[in-house]
Every structure is written in structure tokens, then in C-alpha cells.
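Residue numbers (the numbering used here): 2 to 327.
Ideal Cβ positions, reconstructed from N, Cα and C, are used throughout, including at glycine.
Treat the numbers as computed from the prediction; the structure is a model and nothing was measured.
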Amino acid sequence: MVTRRRLLGGTVEVSALGFGAMVLSGSYGGVAPGQALSVLRHALDQGVTLIDTSDAYGGGSNEELVGRAIAGRRDDVVVATKWGVKPGEHSNPATINFDIKIPIDGRPERARAAAEASLRRLGVSAIDLWYLHFPDPVRPLEDIVGAMAELVQAGLVRHLGLSNVTPDQLRRAHAVHPITAIQFEYSLWTRTVEPALLPAARELGVGLVAWGPLGSGFLAGTVDLSGDHNYRNDSPRFTAENLRSNIDRYAPFRELAGDLGITPGQLALAWLLHQGEDIVPIPGTRDVQHLDSNLEAAAIELKDETLARLDELVPRDLARGVAMVS
2 MVTRRRLLGG TVEVSALGFG AMVLSGSYGG VAPGQALSVL RHALDQGVTL IDTSDAYGGG
62 SNEELVGRAI AGRRDDVVVA TKWGVKPGEH SNPATINFDI KIPIDGRPER ARAAAEASLR
122 RLGVSAIDLW YLHFPDPVRP LEDIVGAMAE LVQAGLVRHL GLSNVTPDQL RRAHAVHPIT
182 AIQFEYSLWT RTVEPALLPA ARELGVGLVA WGPLGSGFLA GTVDLSGDHN YRNDSPRFTA
242 ENLRSNIDRY APFRELAGDL GITPGQLALA WLLHQGEDIV PIPGTRDVQH LDSNLEAAAI
302 ELKDETLARL DELVPRDLAR GVAMVS
């Protein structure tokens, strides 16, 4: 049960651990709808109040799933979703690491339609936290955020966020409208936010929602590369050679978890929670038992010497292979 709460942007109160629903729409292989719904409802029952989704996950089906899970308990949850990833004639490919090209359509004139479609799928009257999923490579960020801000004024959206941005993009957007939270990968597997993005967010009073806090399962020791749509198979960190090397490199981390009497996944989440009260990890899982184990991390207190030891054992560039976004 999660009882600890944190503030995003100084205004939005959420559970110290949220839930990333992307994993329930096939990103790591198939999952039965009934199982997915049970996991989401169990998360809410256990005190999770931040549920993260996107109109791009499952072509909108993930938002529909979240909508079914929160039906009848709207006051118990902060609903966060994203827009901007959309294939079509107006899309512009944003290239991220692994040479993956993501179709981005952030036309300002499309913002209202995107928000209204998400509202219908989620079954809510307002989106609590609405992110731009990726910056559009050819359209001015200020214009896009301006269009999103109009929907705050219209009451369709309560707070704005940005995902996968640079410090400069965050500052430019924040000058147009207050940004409540940014979302970026952050964990002992990927620490690229630390030099510049996290300090910029703190300078502006913006919270950080950490996706991938378990390193796509690596830090929890649950790496499964099976499935036709398992995105780990596109990651250099999970090639056979790199994976073997990474398993060896993180062996001392796993040994430390054992010495502390907790799981590696719990140690990874507890470490992240100790990086600041403005950080909210959103681990996702398809298994209720894994969910309960994750949530126990919110109550783990790590001593200063343990945190210092982790910095020694898991330096910033330990993982072999590039991160997804950097």
C-alpha cells in the first residue's frame, strides 16, 4: 500500500510511485485485457493515484483500458496522458537512439481534437496532466504549447507536461505556460537527466516523472525478450553481447540488494525515490505480485552510506549500449 505522497510542480499531489500503463498494450508482448484491467484496478486499490498513458499506446486502446479501470473512482486518480505521436501525411519523423523514427504530428490546430479524443476514450471531463509526447521536429514548440494552454483555459486540461525534451525546450515551453512535469527515462540504468535536464526542471519548479525506472525490467531481473512486439529487441543494451556484459556489470548492484534483504527492483526504485521529493517513478508491470513488490519500495529508507555505495557501484555510464532517448 502506497501512503506517501509527492507534489509535481508544487501543485499536483500524487502517490510517490505511479503506474505506467504502456506495458499493458503490447510493448513487451501480449497481455490479456482482463489481466490488464485487474492490474490497473489493483494499483488503485493499493493507493496508486497517478496513472500514465498516451493516445499512441495501442492506438488509443490503452486510454480506453485506463478509462475502464478508473470508472466510478475518478476522484481517486490523477490521469496523465500524451499526444503528438501520430502517423499520417502531416507527420514528421523524430529520430531517437537505435535509429528509431517516430512519426510526430504536433500541429497546433490538432491539439483540441487530440485532447477531445483522449477525453472520450478515458471517459473523463478533464485531463489532469497532458503531455506533449515528443517535440515536433519542424513546428515551433512555443506554438504547440500555446495551443495546449488554450485547452487549459477551456477547462479540458488541468496541467501541462512535456516528455522527452531538452533543457532548452523545457525553458522555452515554460515561458509560454507553466509546465507542471516533464517525463524522461531515469534510473540506475539510464542517468542522462542528471547533468542538465533535472537541474533545469528544479530551477523552474517542474516535477520529474521517471519512465523506465526499472530499466525495462533489467534492474528487476525480469528481462524477457520473447514476443513479436517486444521493443527491447530494438535496443542495443539488450543485444546478446551487451546483455551479457550488462548482467556482469550490474552483479554488484544485485549483491547489494541481497545484502539489504530486498529485491534488486525494490533497491532501484528506492534509490530513485531518494533522488528528490520532486521525482515520481512510474514503473509498469503486467503482474499483480510484481506490482505489490514495486510498491513496497516506497517505504524503504536507504542510509546515506548505501546511497554512496550505489553511486560507486553504478556510475552514470555503467550500462553498455545507448539509452532510448538521450
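Shown here, Ser294 sits in a helix according to DSSP, grouped into three states. Linking Thr12 to Thr181 through their CA atoms gives a straight-line distance of about 8 Å.
Gln184 has Ser164, Val210 as its beta-bridge partners, per DSSP.
Here Phe135 is actually not in contact with Gly213; their C-beta atoms are around 15 Å apart, not less than 8 Å.
Secondary structure note for Pro104: its beta strand (DSSP E) is the uninterrupted segment 101-105.
By the C-beta density criterion, Val139 is exposed, having fewer than 16 other C-beta atoms within 10 angstroms. If you look at Pro265, you'll find it in the alpha helix (DSSP H) that goes 265-274. With respect to Ala174, Leu152 sits apart: the two C-beta atoms are not nearer than 7 Å. DSSP lists Leu8 as the beta-bridge partner residues of Glu14. The DSSP assignment places complete alpha helix (DSSP H) segments of no fewer than 4 residues inside the region 41-77 at 62-71, in order along the chain. Below 8 Å, too few C-beta pairs join the region 290-308 and the region 61-71 to call them touching: fewer than three.
Here the C-alpha atom of Glu110 lies approximately 11 Å from the C-alpha atom of Val146. DSSP lists Thr82, Leu161 as the bridge partner or partners of Trp131. Ala320 and Asp312 have their C-alpha atoms some 13 Å from each other. Between the alpha carbons of Asp235 and Ala202 lies a gap of roughly 30 Å. Taking Val166 as the centre and dropping the five residues before and after it, the same chain places the C-beta of Pro136, Ile183 closer than 7 Å to its C-beta, in chain order. Between the region 263-282 and the region 193-210, the count of Cβ pairs shorter than 8 Å is three or higher; the stretches touch.
Secondary structure at Thr96: strand, using DSSP grouped into helix, strand and coil. The residue among Gln170, Ser188, Leu130, Pro141 with its C-alpha nearest the C-alpha of Leu161 is Leu130. The alpha carbon of Leu8 has as its nearest neighbour, out of Val24, Leu38, Leu51, Ala271, the alpha carbon of Leu51.
For Pro282, the uninterrupted beta strand (DSSP E) segment begins and ends at 280-282. Under the three-state reduction of DSSP, Gly222 is assigned to coil, being neither helix nor strand. Excluding residues up to 5 positions away in sequence, Ala197, Leu198, Ala201 lie with their Cβ nearer than 7 Å to the Cβ of Pro168 in the same chain. Scanning its chain for C-beta atoms nearer than 6 Å, with the 5 sequence neighbours on each side dropped, one finds around Arg255 the residues Pro265, in chain order. Looking at the backbone, the Cα of Ala269 and that of Ala221 are separated by about 8 Å. In this structure, Ser164 keeps its C-beta atom at 7 Å or more from the C-beta atom of Lys87.
By a beta-carbon distance limit of 8 Å, Ala22 does not contact Arg42. Their separation comes to about 12 Å. The beta carbons of Ser16 and Val67 sit no closer together than 7 Å. If the five residues before and after Val32 are omitted, its C-beta is found closer than 7 Å to the C-beta atoms of Leu25, Arg287, all from its own chain and listed in chain order.
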